[in-house]
Amino acid sequence: MTHSDFDSIIHLNQNALEGVGPLDTESLSLLVKMADQALVVDHGDGDIAGFVITLPPGAEYESSRYRWFEDTLVDDYVYLDRIVVSQNHRRMGVASKLYEEIEGDQPVALEVYETNDVSLAFHESRGFAEVGALTHDGKTNLMLVREPSDDSTN
Ligand SMILES: CC(C)(COP(=O)(O)OP(=O)(O)OC[C@H]1O[C@@H](n2cnc3c(N)ncnc32)[C@H](O)[C@@H]1OP(=O)(O)O)[C@@H](O)C(=O)NCCC(=O)NCCS
11 MTHSDFDSII HLNQNALEGV GPLDTESLSL LVKMADQALV VDHGDGDIAG
61 FVITLPPGAE YESSRYRWFE DTLVDDYVYL DRIVVSQNHR RMGVASKLYE
111 EIEGDQPVAL EVYETNDVSL AFHESRGFAE VGALTHDGKT NLMLVREPSD
161 DSTN
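Taking our numbering, the leading residue of the sequence shown gets 11, the next gets one more, and so forth.
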């Protein structure tokens, strides 16, 4: 993700508020500064099909959900702050491709609104399990973690 992607990223994000919190230029810049991974799937000509942003443990991130994982998870982990795929690229494996990039030897943690059936179906298909729930701004978030595969042949 580069600075020139920011307008497209914000546009994508604001069209997916059923699943993610709002972003503007200032909050996206702050998030990307804290991030250890900020990736886009770019089909060329700035046609961004999707993006993902992850944070490492120990970031100065004022988010009750991030703090919950900081307090709950003992080992190193990847916090997935958000993933969005543009509506005309969904169900084509774009999010799966982004996950393949960020999944490694550590657990991956994120929250999903309990009403977000599509995201819950996606994360169930990738082996995420519910480890808790947290209410924020009147919305219940299901707290999900995926343990790394113990397949040592990978
Ligand atoms: C959730 C989201 C990221 C999935 O992206 P995607 O690129 O469409 O997902 P993929 O194509 O990689 O899907 C992989 C698997 O997830 C499941 N899945 C994805 N979308 C689904 C849907 N609408 N209904 C049921 N299952 C679904 C399926 O098992 C799918 O495999 P299949 O297509 O072979 O059946 C996308 O819908 C999105 O951006 N939603 C809005 C933002 C959001 O909610 N982000 C998550 C915040 S926690």
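Each residue gets a CB set at the ideal place from its N, CA and C atoms; glycine is no exception.
Does the beta carbon of residue i fall short of 6 Å from some heavy atom of ligand 1?
i           : result
residue 126 : yes
residue 95  : yes
residue 74  : no
residue 29  : yes
residue 16  : no
residue 103 : yes
What's the gap between the Cα of residue i and the Cα of residue j?
i           : j           : result
residue 94  : residue 145 : 22 Å
residue 29  : residue 106 : 17 Å
residue 67  : residue 55  : 34 Å
residue 62  : residue 109 : 8 Å
residue 73  : residue 137 : 25 Å
residue 43  : residue 13  : 11 Å
residue 120 : residue 91  : 7 Å
residue 32  : residue 17  : 13 Å
residue 163 : residue 51  : In this predicted model, residue 163 has a pLDDT of only 46, less than 50, meaning its place in the structure is not dependable; the value taken from the coordinates is given anyway. Residue 163 and residue 51: Cα-Cα distance of roughly 27 Å.
residue 101 : residue 59  : 11 Å
residue 118 : residue 76  : 12 Å
residue 23  : residue 148 : 20 Å
Would you say the beta carbon of residue i is closer than 6 Å to some non-hydrogen atom of ligand 2?
i          : result
residue 61 : Questions concerning ligand 2 fall outside what the structure shown contains, since the ligands it does hold are ligand 1.
Decide if residue i is buried, meaning its Cβ has at least 16 other Cβ atoms within 10 Å, or exposed.
i           : result
residue 64  : buried
residue 96  : buried
residue 114 : exposed
residue 11  : buried
residue 143 : exposed
residue 48  : buried
Open item on the list: Does the segment 68-84 come into contact with the segment 126-134, if we say contact requires no fewer than three beta-carbon pairs (one atom in each stretch) closer than 8 Å?
Closed with: Using a C-beta cut-off of 8 Å, the segment 68-84 makes no contact with the segment 126-134, since fewer than three inter-stretch Cβ pairs fall below that distance.
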